[in-house]
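Chains U and S supply the protein sequences, listed in that same order.
Sequence positions in the first sequence follow the numbering used here and run 107 to 495.
Sequence positions in the second sequence follow the numbering used here and run 657 to 916.
Heads up, the beta-carbon is just placed ideally off N, CA and C, and yes, glycines get one too.
To start, the structure itself, in structure tokens.
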Amino acid sequence: MRAWHFTEMPYPNLPPLEDLSTMRVSLANKHFDPKIGADLYNRYLDEYMIADDLGLDLLCNEHHQTATCIDVAAPLTAAILARQTSKGRICILGNPIANRGDPIRIAEEMAMIDCISRGRLDVGFVRGVPYEVFAANSNPTETVERLWEGIDLCVKAWGAVEEPFNFEGRFTHRRAVNLWPRPYQTPHPAIWMTGSSDLENIKKAAARGYVFATFLQPHTKVKWMFDGYRSAYHDMGLPGGGGTAYMPIVFTADTEEEAEKGARELTWYLNAKTEPQYRNPPGYVPVDFNVNALKGTFTGRTDAMRAKTMEFLKEEGVMVYGTPDSVAKQLKRLYDLVGGFDHLLMMQQAGWLDHTRTVKSMSLFAKEVYPQIKDLARTQPLNTKVAAE
Amino acid sequence: MSGRGNVQMITIAGLAIEIERRGAGRPLVLLASEEQLESAAPFVDELAKKFEVIMPSAPGFGTSDRPDWLTNPNDLSYIMLDVIDALGLKDVTLVGFALGGWIALEMAVKNTTSISKLVLVDAYGVKIGGAYDRDIMDVWTSHPSKVAAAKWANPENAKRDFSVMDDAQLTVVARNMESFARFCWSPYMHNPNLRHRLHRVNVPTLFIWGEKDAITPPAYGEAYSKLVPGAKFVKIANAGHYPHLEATDAFMSALNGFIN
């Protein structure tokens, strides 16, 4: 089991949340104070460096036009960490390749970061959450197709070492593609993908040997997805999968009271407000989901989560908090409930949780919890050879 | 489509296209709005007393196929022209609502051999203002209640009872919403080249516009109409984006004065 530190780099210094209709897409940026932003960026990067010193791996992501995440370019964060850290693996989860619209540029950036970090990079690709299509102005009805065309083109570009090639696909047209640099890892870094419901996509990721990651889901649903992932590569007679990753909210403290208090602050993330039109743009989910939405039987994940108590979220494995022994016990239970997993992605910072308490929580985790779960058996070894085929 | 008329599927360019036909007489091809509310509206029965009303569902709408290679209303217009040819229609009165109006104009700039008159109702399709102007309300970043208030003179008219619809009907509703975004997301609700082709429209043309339409405001409609040689522009009082549904009598009066 590998454990990863993660923060979305939130900007919590907002007017009272009850006065805002949304924290995403259209919240006026007069509410962003660049001086506070400067402090926050440097603080969050410091925390990644501390996580690296503590022996944790480093996970970053990006979002746009939102106070929930001011990391708008994960490759920039990863590039800084590639230079300023020395031990931990660095994973971007992920590159919003459907929204960025320039897969070759992403392939180049990843190759450069991989070289600077001397092969410590894992490359995630994401379709992007619904809100993101507005900031990127990408057509919500074709993000899945853009995602896969982009991934395939990146993989091809990383592996094409003998001569330039051209590409005339549905969304991207390029001539004489020839990456300088190519990645440090050969043929390319491990690839990660995310998902939350689309089993076909999950199986496709499995078939290519990509790591499959999912976030903040009830353990029964996580197991359903992980089982789909695991069965896909067994059914196909493939040599192995890339592995599975799960992200809960994690807070570790000396006492249960302190842990509950810290965890409660992290629920800021789950309570982020968004106007309804941003939650389900047309065509983002398949027609049958929207038929259920018209019937009132389909609601978004965060809406469903928001209504739940912390106890419930703890029971479901969405939140993991307590003393070090309690956290270790909860994680082992979660590991058993979902059929094992390979990467624990920890949202250890969100909202107003300050530097001191963030560092204390991650230090306690690294020193007292990690040794208790580190040797849990991996479900499958990483296998980038499959991904290249 | 409501299925009140004769519904059939025909094959155009390898695609299954749904067509509803109602009444008898000279052909009137009705290109529905993206929500396809027209087929169930009484004014179509009125039209069907004098015309054969033919309502093809554009690719992606109703139960018509939507292949990936169709990406915008310009593409759709070729399929709709093929429908007119496949059915052997001549002397067609072509009436288009909202997205259907945009498709009708994309057809008319290509070939009017079988089209004798053209009516556009609160249509999308061109860019009038500058790069920073929002000619057409952004229905996808606006709160649903604001969209309803902009679309309807009386927002009560926005309400649709989905609970009485079966899965097949709800599937059409969901598909129509999705296909609307597929074809109109960007450039938002317009084809930058269309305005430079509108001089080719060589049949009598009428623009009918809801006076209280705040999705495509009347000033947009009037400016749009001036790009089509000789086109007339008529406003309908007490009506929003769908004057044919909110002020049916005034709408029919304006329409009949032009097409009869």
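Rounded straight-line distance, which links the Cα of residue j to that of residue i
{"i": "Arg252 (chain U)", "j": "Leu259 (chain U)", "result": "11 Å"}
{"i": "Val803 (chain S)", "j": "Tyr154 (chain U)", "result": "44 Å"}
{"i": "Leu671 (chain S)", "j": "Ala830 (chain S)", "result": "20 Å"}
{"i": "Leu883 (chain S)", "j": "Leu693 (chain S)", "result": "28 Å"}
{"i": "Lys491 (chain U)", "j": "Asn832 (chain S)", "result": "Legend: pLDDT at Lys491 (chain U) = 42, less than 50; position of this residue unreliable, no value from coordinates given."}
{"i": "Ile479 (chain U)", "j": "Ala282 (chain U)", "result": "47 Å"}
{"i": "Pro140 (chain U)", "j": "Glu364 (chain U)", "result": "32 Å"}
{"i": "Ala895 (chain S)", "j": "Ala814 (chain S)", "result": "12 Å"}
{"i": "His900 (chain S)", "j": "Asp778 (chain S)", "result": "10 Å"}
{"i": "Ala870 (chain S)", "j": "Thr904 (chain S)", "result": "19 Å"}
{"i": "Pro388 (chain U)", "j": "Tyr375 (chain U)", "result": "25 Å"}
{"i": "Thr183 (chain U)", "j": "Gly457 (chain U)", "result": "19 Å"}
{"i": "Trp286 (chain U)", "j": "Thr292 (chain U)", "result": "14 Å"}
{"i": "Ile864 (chain S)", "j": "Val751 (chain S)", "result": "10 Å"}
{"i": "Ala494 (chain U)", "j": "Ala266 (chain U)", "result": "Legend: pLDDT at Ala494 (chain U) = 40, less than 50; position of this residue unreliable, no value from coordinates given."}
{"i": "Lys705 (chain S)", "j": "Leu133 (chain U)", "result": "53 Å"}
{"i": "Leu488 (chain U)", "j": "Ala241 (chain U)", "result": "Because Leu488 (chain U) carries a pLDDT of 36, less than 50, the predicted location of this residue cannot be relied on, and the following value inherits that uncertainty. About 34 Å."}
{"i": "Met216 (chain U)", "j": "Arg224 (chain U)", "result": "12 Å"}
{"i": "Glu834 (chain S)", "j": "Gln383 (chain U)", "result": "14 Å"}
{"i": "Ile196 (chain U)", "j": "Arg211 (chain U)", "result": "19 Å"}
{"i": "Tyr117 (chain U)", "j": "Ala144 (chain U)", "result": "11 Å"}
{"i": "Val178 (chain U)", "j": "Lys379 (chain U)", "result": "19 Å"}
{"i": "Val232 (chain U)", "j": "Leu199 (chain U)", "result": "7 Å"}
{"i": "Leu164 (chain U)", "j": "Tyr788 (chain S)", "result": "41 Å"}
{"i": "Ala910 (chain S)", "j": "Lys868 (chain S)", "result": "17 Å"}
{"i": "Asp741 (chain S)", "j": "Asn912 (chain S)", "result": "25 Å"}
{"i": "Glu114 (chain U)", "j": "Ile176 (chain U)", "result": "7 Å"}
Member of the options whose CA lies at the smallest distance from the CA of residue i
{"i": "Phe839 (chain S)", "options": "S:Arg660, S:Leu750, S:Asp741, S:Phe717", "result": "S:Phe717"}
{"i": "Lys888 (chain S)", "options": "S:Lys773, S:Arg678, S:Ser695, S:Pro683", "result": "S:Lys773"}
{"i": "Tyr427 (chain U)", "options": "U:His449, U:Thr373, U:Thr380", "result": "U:Thr373"}
{"i": "Ala369 (chain U)", "options": "U:Val433, U:Ile308, U:Ala319", "result": "U:Val433"}
{"i": "Pro715 (chain S)", "options": "S:Ser881, S:Ala696, S:Ala837, S:Val857", "result": "S:Ala837"}
{"i": "Trp110 (chain U)", "options": "U:Leu227, U:Arg130, U:Tyr117", "result": "U:Leu227"}
{"i": "Asn767 (chain S)", "options": "S:Asp738, S:His846, S:Lys706, S:Ile675", "result": "S:Asp738"}
{"i": "His129 (chain U)", "options": "U:Leu146, U:Ile156, U:His170, U:Leu165", "result": "Here residue 129 (chain U) is Met; the residue named in the question, His, does not match the sequence. Of the listed residues, the one whose Cα sits closest to Met129 (chain U) is U:His170."}
{"i": "Phe907 (chain S)", "options": "S:Leu862, S:Tyr876, S:Tyr880", "result": "S:Leu862"}
{"i": "His279 (chain U)", "options": "U:Phe271, U:Leu285, U:Trp286", "result": "U:Phe271"}
{"i": "Val444 (chain U)", "options": "U:Val317, U:Arg314, U:Val267, U:Trp330", "result": "U:Trp330"}
{"i": "Tyr237 (chain U)", "options": "U:Ala338, U:Phe277, U:Val229, U:Thr174", "result": "U:Thr174"}
{"i": "Gly661 (chain S)", "options": "S:Tyr880, S:Ile710, S:Leu761", "result": "S:Ile710"}
{"i": "Asp721 (chain S)", "options": "S:Ser798, S:Leu761, S:Ile740, S:Ile675", "result": "S:Ile675"}
{"i": "Ser695 (chain S)", "options": "S:Ala680, S:Ser713, S:Arg682, S:Asp822", "result": "S:Ser713"}
{"i": "Trp808 (chain S)", "options": "S:Gly877, S:Pro873, S:Ile771", "result": "S:Pro873"}
{"i": "Ala754 (chain S)", "options": "S:Thr797, S:Leu776, S:Met665", "result": "S:Leu776"}
{"i": "Gly886 (chain S)", "options": "S:Ser819, S:Ala824, S:Asn858, S:Gly877", "result": "S:Asn858"}
For residue i: DSSP bridge partner residues
{"i": "Pro712 (chain S)", "result": "S:Ile675"}
{"i": "His279 (chain U)", "result": "U:Glu274"}
{"i": "Ile355 (chain U)", "result": "U:Met425, U:Met453"}
{"i": "Ala500 (chain U)", "result": "As displayed, chain U neither begins before 107 nor continues past 495, which places residue 500 (chain U) out of reach and without an answer."}
{"i": "Trp865 (chain S)", "result": "S:Lys891"}
{"i": "Gly781 (chain S)", "result": "S:His846"}
{"i": "Arg682 (chain S)", "result": "S:Phe707"}
{"i": "Val131 (chain U)", "result": "None; Val131 (chain U) has no bridge partner."}
{"i": "Gln664 (chain S)", "result": "S:Ile675"}
{"i": "Phe318 (chain U)", "result": "U:Met299, U:Thr350"}
{"i": "Cys197 (chain U)", "result": "U:Leu165, U:Asp228"}
{"i": "Lys773 (chain S)", "result": "S:Thr749"}
{"i": "Thr768 (chain S)", "result": "Note: Thr768 (chain S) sits in no beta bridge, so no partner."}
{"i": "Thr172 (chain U)", "result": "U:Arg130"}
Partner residues on chain U for residue i, Cβ-Cβ distance less than 8 Å
{"i": "Pro800 (chain S)", "result": "Pro382, Gln383"}
{"i": "Asp823 (chain S)", "result": "Val397"}
{"i": "Thr827 (chain S)", "result": "Val393, Asp394, Val397"}
{"i": "Phe818 (chain S)", "result": "Leu400, Lys401"}
{"i": "Thr797 (chain S)", "result": "Val131, Ser132, Phe240, Gln383, Tyr384"}
Interface flag, residue i vs chain B, CB-CB below 8 Å
{"i": "Phe240 (chain U)", "result": "Of the protein chains in the structure, U and S, none is chain B."}
Chain-ordered chain S contacts of residue i [CB-CB under 8 Å]
{"i": "Arg276 (chain U)", "result": "Asp724"}
{"i": "Pro202 (chain U)", "result": "Within 8 Å Cβ-Cβ: nothing; Pro202 (chain U) doesn't reach chain S, min ~17 Å."}
Cross-chain neighbours of residue i in chain S, by beta carbon under 7 Å
{"i": "Thr247 (chain U)", "result": "Glu834, Ala837, Arg838"}
{"i": "Gly389 (chain U)", "result": "Glu834, Ala837, Arg838"}
Partners in chain U for residue i, counting only beta-carbon separations shorter than 9 Å
{"i": "Arg831 (chain S)", "result": "Val393, Asn396"}
{"i": "Ser842 (chain S)", "result": "Asn243, Ser244, Asn245"}
Partners in chain S for residue i, counting only beta-carbon separations shorter than 9 Å
{"i": "Gly265 (chain U)", "result": "In chain order: nothing, as chain S lies at least about 27 Å away."}
Query raised in the report: At a cut of 8 Å, does the segment 346-355 of chain U reach the segment 416-425 of chain U through at least three beta carbon pairs?
Result: yes
Query raised in the report: Are three or more beta carbon pairs between the segment 388-400 of chain U and the segment 465-478 of chain U nearer than 8 Å?
Result: no
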